[in-house]
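Quick notes on the structure that follows.
Laid out in structure tokens, this is it:
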């Protein structure tokens, strides 16, 4: 029993010796030395309450001792019945909405991130036009000629004893198939 107690004491002392000291806060805050991060989820004060640092974005792990708080409009949600495990930052409002850029956003938090990125790129401001998804556009978004091609993989089954070239090796060979589907992602 004494050996186990001695070993535990040695391990505890070792952990104290190699543990990284917490950064100490300066006696006077010099804001000019603070970094100027670009934070799509908003800002929170650092552990010294001197500089602003990025808050956690949607989907980021949260709720542990050294984690920053979740950003604007986000909350740390934990798995049901597992308060001691890590949580995940999730948007408080889950309603879809239409942005002024014509895109449907899953929630206000996603639109806020897109709006900040647009602002940083010098693009027009993105605001909510209405709740719910954007109406499908009645005009085609395609403004130039589009060439499409497809690759078909097939197995030819001989019907008689004549030899034929594979399709594509001769312009005189044509194969007809009625079960063709095309998917176009724009």
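Numbering (the UniProt record's numbering), first residue to last: 1 to 186. Ideal Cβ placement from N, Cα and C applies to all residues, glycine included. Computed from a predicted model, the values in this text were never measured in an experiment.
Give the straight-line distance between the Cα atoms of residue i and residue j, rounded to the nearest whole angstrom.
{"i": "residue 48", "j": "residue 41", "result": "20 Å"}
{"i": "residue 106", "j": "residue 127", "result": "14 Å"}
{"i": "residue 58", "j": "residue 35", "result": "22 Å"}
{"i": "residue 50", "j": "residue 124", "result": "32 Å"}
{"i": "residue 67", "j": "residue 43", "result": "13 Å"}
{"i": "residue 109", "j": "residue 99", "result": "12 Å"}
{"i": "residue 30", "j": "residue 117", "result": "28 Å"}
{"i": "residue 64", "j": "residue 24", "result": "20 Å"}
{"i": "residue 96", "j": "residue 122", "result": "25 Å"}
{"i": "residue 136", "j": "residue 26", "result": "55 Å"}
Assign residue i to one of three DSSP states: helix, strand, or coil.
{"i": "residue 119", "result": "helix"}
{"i": "residue 110", "result": "helix"}
{"i": "residue 131", "result": "strand"}
{"i": "residue 139", "result": "Because the pLDDT at residue 139 is just 49, under 50, the model does not fix this residue reliably, and the point stays unresolved."}
Within this structure, are the beta carbons of residue i and residue j separated by less than 8 Å?
{"i": "residue 62", "j": "residue 93", "result": "no"}
{"i": "residue 89", "j": "residue 71", "result": "yes"}
{"i": "residue 55", "j": "residue 37", "result": "no"}
Among residues of its own chain, excluding the 5 on either side of residue i, which ones have a beta-carbon nearer than 6 Å to its beta-carbon?
{"i": "residue 46", "result": "53"}
{"i": "residue 113", "result": "40"}
{"i": "residue 60", "result": "89"}
Below 8 Å CB to CB, which residues in the same chain sit around residue i once its five sequence neighbours on both sides are set aside?
{"i": "residue 32", "result": "none"}
Near residue i, what residues of its chain come up, given a Cβ to Cβ distance below 7 Å and the 5 sequence neighbours on each side ignored?
{"i": "residue 120", "result": "38"}
{"i": "residue 115", "result": "125 and 126"}
{"i": "residue 111", "result": "97, 99, 105, 126 and 128"}
{"i": "residue 91", "result": "58, 73, 74, 107, 108 and 109"}
{"i": "residue 28", "result": "none"}
Three CB pairs or more closer than 8 Å across the region 69 to 88 and the region 124 to 137: no
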